[in-house]
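Trainee: Can you keep this structure in mind? I'll have questions shortly.
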Amino acid sequence: MVNNKKNKKESILDFLYKAGGDTISGVRISEMTGISRVAVWKHINALKKDGIPIHSRPNGYALSDPEDLLLPFCFDPPFRDKITHFPEVETTMDTAKALARKGASHLSCVVAEHQTKGRGRLNREWISSKGGLWFTLVLRPLLPPHLVYIYTFAASLSLSRILNKLFNLDISVKWPNDLLLGGQKLAGMLSEMETQGDMVQFLIIGIGINANNSPVNKEFNAVSLKNILKKKVSRKQILTAFLSEFQDKIQDINCPDIIDQWKEQTSTIGRQVRIETFDKIYEGKAVDVDETGALIIEDDHKKLKKIIYGDCFHA
Ligand code: BTN
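Once you know that position 22 of the sequence shown is 22 in the working numbering, the rest is easy, because the numbers rise by one and skip nothing.
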């Protein structure tokens with residue numbers, strides 16, 4: 001784990017980061033950080049083991065792709081102090097939950113390069129190979145439990161907006177909170193909460209973005225930004241833009257407002273859909289999303305049905 005307390009390893013990394021990918025000799029790193037040359041060598045090896053992409057060259061060391069790094073010190077305040085980074089976890093959901101139980105503050109963000117037990121909605125596996133952007137936010141909403149759904153809508157709305165802006169794309173949201181690009185899944189979200197009595201203790205929202213990974217066959221109809229744009233993207237740029245947009249959106253959050261904006265961004269309304277829940281399948285035309293976030297579908301007999309959860313497939 002790399003958190004925001006600077007140790008020797010981090011000082012070396014910070015130094016390499018500021019060199020912006022240039023090669024720096026071990027002697028220079030040692031002089032500038034006050035760490036012995038032998039210790040520099042040991043720490044560099046440990047950093048490589050942590051999955052940090054450092055290349056050893058005949059004349060020194062260089063970070064490859066510094067703009068893609070997700071380590072806390074790569075971010076500006078206020079997010080720098082909110083991010084905890086792991087090379088590998090089972091799932092950022094459980095890590096974030098454990099931190100939340102220990103008092104992690106509102107908007108804390110747990111990010112991992114790789115998840116060995118990534119989970120999706122309805123208990124599905126979420127394949128989380130290296131290159132993707134996998135993170136979970138800890139939120140402490142001042143709302144009763146039945147209203148916290150609005151945070152996930154705010155998250156999918158914020159994410160689709162910033163990705164469209166950054167990469168000039170036409171991403172839509174599919175009910176309840178998937179991001180689609182050309183009908184293929186680019187990102188998914190999962191939320192869980194803990195309550196005590198009438199109060200929300202915390203809410204966690206896990207977000208998986210296919211960024212620089214190449215989704216495999218098993219991940220049915222998934223696509224990554226790298227696949228579409230034919231080049232690597234900066235995950236740091238995406239996470240920074242998202243956190244900033246989301247923070248603004250949830251300031252003085254207003255449910256009808258968020259739902260209205262979300263509806264402008266959705267490709268679900270007006271489509272024939274199939275909704276799978278744990279025990280039922282519903283089919284019909286999606287005609288609306290109400291102010292509680294429920295999907296309203298109309299069946300062949302023009303009968304309306306309100307669906308509060310499920311997996312939605314566009315026909
Ligand atoms: C879905 O579409 O089924 C939801 C996918 C959510 C995936 C993210 S990746 C980060 C966080 N950790 C997990 O194990 N899941 C969420």
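Where is the CB? At the ideal position from N, CA and C, for every residue including glycine.
Values in this document were obtained by computation on a predicted structure and should not be read as measured data.
1. If you follow the beta strand (DSSP E) that residue 203 is in, where does it begin and where does it stop?
2. CA-CA distance, residue 2 and residue 152?
3. Give the DSSP-derived three-state secondary structure of residue 124 in the structure shown.
4. Identify every residue that forms a DSSP beta bridge with residue 320.
5. Is the closest heavy atom of the ligand BTN to the C-beta of residue 214 under 8 Å?
6. Give the secondary structure of residue 145 by DSSP, where H, G and I count as helix, E and B as strand, and everything else as coil.
7. Residue ranges of each alpha helix (DSSP H) run of no fewer than 4 residues wholly in the segment 40 to 120, ordered along the chain?
8. Could you have a look at residue 271 and say whether DSSP puts it in helix, strand or coil?
9. Bridge partners of residue 191, per DSSP?
10. Out of 252, 158 and 149, which one is the CA nearest neighbour of residue 264?
11. If we ignore side chains and look at the alpha-carbon of each, how far apart do residue 168 and residue 161 end up?
12. Any idea which residues DSSP pairs residue 312 with across the strands?
13. Quick one: what's got a C-beta closer than 7 Å to residue 272's C-beta in the same chain, skipping five residues either side?
14. What does the alpha-carbon distance come out to for the pair residue 297 and residue 188?
15. Residue 281 bridges to which residues according to DSSP?
16. Using a Cβ-Cβ cutoff of less than 7 Å, which residues in the same chain neighbour residue 301 once the five nearest sequence positions on both sides are dropped?
17. Is residue 228 helix, strand or coil when you go by DSSP?
18. Since residue 27 is in the beta strand (DSSP E), which residue starts that stretch and which ends it?
19. Looking only at DSSP bridge pairs, what is residue 136 linked to?
20. Look at residue 249 and residue 100 and say whether their C-beta atoms are less than 9 Å apart.
21. Output the distance between the C-alpha atoms of residue 108 and residue 79, rounded to the nearest integer angstrom.
22. Check for me: the alpha helix (DSSP H) holding residue 297 runs from which residue to which?
23. Using the rule of at least 16 other Cβ atoms within 10 Å of the residue's Cβ for burial, across every protein chain shown, is residue 185 buried or exposed?
24. By the 10 Å Cβ neighbour count, where 16 or more other Cβ atoms means buried, how is residue 295 classified, buried or exposed?
25. Measure the alpha-carbon distance for residue 203 versus residue 238 and round it to whole angstroms.
Mentor: By the coordinates alone:
1. Position 203 of the sequence shown, counted from the start, is the residue given in the question as residue 203. Per DSSP, the continuous beta strand (DSSP E) segment holding residue 203 begins and ends at 199 to 209.
2. One-based indexing of the sequence shown puts residue 2 at position 2. One-based indexing of the sequence shown puts residue 152 at position 152. Confidence in residue 2 is poor, its pLDDT being 43 and thus under 50, which makes the residue's placement unreliable; the coordinate value appears in the next sentence. So the alpha carbons of these two residues sit roughly 27 Å apart.
3. To locate residue 124, count along the sequence shown from 1; it is residue 124. Looking at residue 124 - three-state DSSP - the assignment turns out to be coil, as it is neither helix nor strand.
4. In the structure displayed, the chain extends from 1 to 315; residue 320 sits before or after that span and is not available.
5. One-based indexing of the sequence shown puts residue 214 at position 214. No, the ligand BTN has no heavy atom inside 8 Å of this Cβ.
6. What you label residue 145 is simply residue 145 of the sequence shown in a count that begins at 1. In the structure shown, residue 145 sits in a helix (DSSP, three-state: H, G or I).
7. If we require 4 residues or more, the alpha helix (DSSP H) runs fully inside the segment 40 to 120 come out as 92 to 101.
8. Walking along the sequence shown from the start, residue 271 turns up at place 271. The three-state reading of DSSP puts residue 271 in coil, since its state is none of H, G, I, E or B.
9. Taking the sequence shown and counting its residues from 1, one reaches residue 191 at position 191. Beta-bridge pairing links residue 191 to 205.
10. Position 264 of the sequence shown holds residue 264. Per the Cα distances, 158.
11. Against the sequence shown, residue 168 aligns to sequence position 168. Against the sequence shown, residue 161 aligns to sequence position 161. Computed Cα separation, rounded: 10 Å.
12. The residue given as residue 312 occupies position 312 in the sequence shown. In DSSP, residue 312 forms a bridge with 275.
13. In the sequence shown, residue 272 corresponds to position 272, counting from 1. Counting only Cβ-Cβ distances below 7 Å, and skipping sequence neighbours, we find 285 and 315.
14. Here residue 297 refers to the residue found at position 297 when the sequence shown is read from its first residue. Here residue 188 refers to the residue found at position 188 when the sequence shown is read from its first residue. So the alpha carbons of these two residues sit roughly 22 Å apart.
15. Translated into the one-based positions of the sequence shown, residue 281 becomes position 281. The partner list for residue 281 (beta bridge, DSSP) reads 276.
16. Reading the sequence shown from its first residue, position 301 is the one you call residue 301. Correct list: empty, nothing qualifies.
17. Start at 1 with the first residue of the sequence shown, and residue 228 comes out as number 228. Note: residue 228 maps to helix in three-state DSSP.
18. Here residue 27 is taken as the residue at index 27 of the sequence shown, counted from 1. Where residue 27 is concerned, there is no enclosing beta strand (DSSP E), although the alpha helix (DSSP H) it sits in stretches over 26 to 33.
19. Looking up residue 136 in the sequence shown gives position 136. DSSP output for residue 136 lists 110 and 206 as bridge partner(s).
20. By 1-based counting over the sequence shown, the position of residue 249 is 249. By 1-based counting over the sequence shown, the position of residue 100 is 100. Residue 249 places its beta carbon 9 Å or farther from that of residue 100.
21. In the sequence shown, counting from the first residue as 1, residue 108 sits at position 108. In the sequence shown, counting from the first residue as 1, residue 79 sits at position 79. Cα to Cα, the separation comes out at about 8 Å.
22. What you label residue 297 is simply residue 297 of the sequence shown in a count that begins at 1. DSSP places residue 297 outside any alpha helix (DSSP H); the residue lies instead in the beta strand (DSSP E), whose first and last residues are 295 to 298.
23. Indexing the sequence shown from 1 puts residue 185 at position 185. Classification for residue 185: buried.
24. On the sequence shown, residue 295 is found 295 positions in, with the first residue counted as 1. Around the Cβ of residue 295, a 10 Å sphere holds 16 or more other Cβ atoms; the residue is buried.
25. As a working mapping, residue 203 is identified with position 203 in the sequence shown. As a working mapping, residue 238 is identified with position 238 in the sequence shown. One C-alpha to the other measures close to 22 Å.
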